[in-house]
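When the letters of the sequence shown are read in order and numbered with mature numbering (1 follows the signal peptide of the UniProt record, and there is no 0), they come out as residues -19 to -1, 1 to 238. The beta-carbon is built from N, C-alpha and C at its ideal position, and this holds for glycine as well. The structure under discussion appears below in the form of structure tokens.
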Amino acid sequence: MKKFLTTLSSLTILTTSFAIVSCKKPNNKVKVEEKNKENSKNNISDEKRESTETVTKTDSNSEQNSNNGLKDNDHNIQGDESSVEKPISKKEKEEKAEEFINEIKNKIIIAIKEKNTDEISKIAESITSKSIRLTSTSKIAKVSSELNNKIEKWLKNANIDQIQSEFLTFFNENISEQNVTKNIDKYKEIVKEKEKKTMVLKLQELFNNIFGEELEEEFYKNKNEINNLLKEQKYEQVKERLFGLIDQISVLEKSLK
């Protein structure tokens, strides 16, 4: 599922990199002050120098106190985190999950009642993204395991005709008829390959690419359908659609635990 997951991964990396750069932003004010002090160094009197040293010491003490304060805060945060990380029972997890579901549904009801299209769109995109992510995880776990087992068998003791036949069956079982038809010429081109290992790797790549495209298509299909319902102001249908996705998410999360 290269396109869809790579996009999400790139966004995460980009966001992380941005956060790191932001943390390392230089204090321009301090640099300007230091430069000004250096430029006027030869003109200041001994008395002013002493004054400057006093200010520097004061700043140093202030910075030290600030650092100590930060350490204390870090300690407090760590203490808070340790208390949050205490293990909770399965029943408590289920209760919290149910509480969260009800909270989201309530937000949807309020947004629809107020006809707040922007808020509904934000919630819808978040729910759709999570639904497709969990669906993808579930599908990939099943399909990749099955395909890897087949590839291992094919490379060990299968002939090319057997590989072609079994792959085509697997392809039809896990890819939509429309996408099979659309990509059948690519398949025919790959199976002309005489070297078994090369052919298997190319078939694997073909399947992975199309499988990923289908997951991406499913995400945008859901998103566009909900957006169209919003444009037509069919709020009740939007609510039913989103509630259905939320319930689906709940089931998928339980199955993946």
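Beta carbon of residue i nearer than 7 Å to that of residue j
i              : j              : result
valine 172     : glutamine 214  : no
lysine 220     : isoleucine 91  : no
isoleucine 207 : alanine 105    : yes
leucine 223    : isoleucine 108 : yes
isoleucine 82  : isoleucine 227 : yes
asparagine 164 : valine 124     : no
Three-state secondary structure assigned by DSSP to residue i
i             : result
glutamine 214 : coil
lysine 163    : helix
glutamate 174 : coil
serine 157    : coil
isoleucine 90 : helix
aspartate 95  : Looking at the sequence itself, residue 95 is glutamate, so the reference to aspartate does not match. Of the three classes helix, strand and coil, the one that applies to glutamate 95 here is coil, per DSSP.
isoleucine 69 : coil
alanine 122   : helix
alanine 139   : coil
glutamate 234 : helix
Among the options, nearest to residue i - alpha-carbon criterion
i                 : options                        : result
residue 244       : Ile141, Glu194, Glu133         : This structure cannot settle anything about residue 244, because the visible part of the chain is limited to -19 through 238.
lysine 131        : Asp99, Phe81, Leu184, Ser157   : Leu184
leucine 233       : Leu187, Ala122, Lys204         : Ala122
lysine 167        : Glu154, Glu147, Asn190, Asn155 : Asn190
leucine 196       : Ser119, Lys74, Lys86, Pro68    : Ser119
isoleucine 85     : Gly225, Ser126, Ser236         : Gly225
glutamate 186     : Asn129, Asn205, Lys77          : Asn129
phenylalanine 152 : Asn140, Asn138, Lys169         : Lys169
serine 157        : Phe188, Pro68, Asn87, Glu75    : Phe188
aspartate 99      : Glu147, Ser70, Lys212, Lys235  : Lys212
serine 236        : Glu75, Ser70, Ile69, Pro68     : Glu75
Cβ separation of residue i and residue j, assumed to be a contact under 8 Å, to the nearest whole Å
i           : j            : result
lysine 96   : tyrosine 201 : Going by Cβ atoms, the distance from lysine 96 to tyrosine 201 rounds to 25 Å, so no, they are not a contact pair.
leucine 136 : valine 181   : 6 Å
Cβ contact (3+ pairs, closer than 8 Å) linking the segment 102 to 120 and the segment 176 to 189 = no
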